[in-house]
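What follows is one structure encoded as structure tokens, with my remarks underneath.
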Amino acid sequence: MTKLRPAKLAFSTLVCTMMLASGTGCSSMTIKAEVKPGHFRFENFMRDKGPKNERMYAYLMCYNQRPTMWAQPRQYEEGEHHLWVKVIAADGAVINSKSEAITDFTVHLPEGKSYMLNRKTYENSNKIDVWIQEVDTGLLVSDVKTIELDRPKVVKYQAERDMCESSTI
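Count the sequence shown with mature numbering (1 follows the signal peptide of the UniProt record, and there is no 0) and you get residues -21 to -1, 1 to 148, in order.
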């Protein structure tokens, strides 16, 4: 049996400790985002791992009244808002399977709360229900909109930009 020298023992202990900490440290902590006074927090929806390799994104289509892509949660000023939402769905295993739809919501979003987009899909259908709900309670804060997913338009930037000009975000 070989004996470890104190320096090697200390190094081995440090390496083992770091590996354990990196493997369990962050997963055991829950991080709750603070909402700034006068603001609310909004989360977009994303599922990029699921049955049948499906990918789905539902997100606020506008930021600073310009078209944007899916983003991590952001905070916005509370109040009455006109929001444009884009939904994109695709089968990751099928080329050119992408479909999308756009809808809008007019909602009052009070300060201090977190909200998220959610959706319900229908088997063998291009229709999808989309709504806004509170993160903590699951209570709906908007109407449920039923929209139809379709092939993406080839020239869409100007139309989306026009929509975003009417957005409050």
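Where a beta carbon is used, it is the ideal one built from N, C-alpha and C, also for glycine. Since this is a predicted model, take the numbers as computed values, not measurements.
- If you keep only unbroken beta strand (DSSP E) runs of at least 3 residues inside the segment 19 to 57, you get 24 to 26, 33 to 39 and 53 to 56.
- With a beta-carbon spacing of about 6 Å, L88 and H60 fall inside the 8 Å limit used to define contacts.
- Put simply, the backbone Cα of W63 is about 25 Å away from that of E13.
- In this structure, E33 lies near D70, with their beta-carbon atoms less than 7 Å apart.
- Taking 7 Å as the cut-off, the Cβ atoms of L118 and W110 do not count as close.
- DSSP places A138 in the uninterrupted alpha helix (DSSP H) bounded by Y136 to E144.
- As summarised for the segment 47 to 115, the continuous beta strand (DSSP E) elements at least 3 residues long and confined to that stretch are 53 to 56, 58 to 70, 78 to 88, 93 to 100 and 106 to 113, given in chain order.
- Residue environment for S146: buried (at least 16 other C-beta atoms within 10 angstroms of its C-beta).
- Its chain contains R34 as the residues whose beta carbon lies nearer than 7 Å to that of D27, once the 5 sequence neighbours on both sides are disregarded; these appear in chain order.
- Only residues of its own chain outside the window of five on either side were considered, and among them V66, A68, S78, E79, A80, N105, K106 and I107 have a CB closer than 8 Å to the CB of L128, listed in chain order.
- Scanning A50, K15 and E90 for the CA closest to the CA of A37 turns up A50.
- For E127, the uninterrupted beta strand (DSSP E) segment begins and ends at K124 to E127.
- Counting only residues of its own chain and dropping the five nearest sequence neighbours on each side, R45 has a CB closer than 8 Å to the CB of R140 and C143.
- Looking at the DSSP output, L118 shares a beta bridge with no other residue.
- Burial is judged here by how many other beta carbons sit within 10 angstroms of a residue's own beta carbon; M48 has fewer than 16 and is exposed.
- Around the beta carbon of R98, 16 or more other beta carbons lie within 10 angstroms, which makes this residue buried.
- Of the other Cβ atoms in all chains shown, 16 or more fall within 10 Å of the Cβ of Y94; this residue is therefore buried.
- Non-local beta-carbon contacts of D122 in its own chain, meaning distances under 8 Å to residues more than five positions away in sequence, involve F84 and W110 in chain order.
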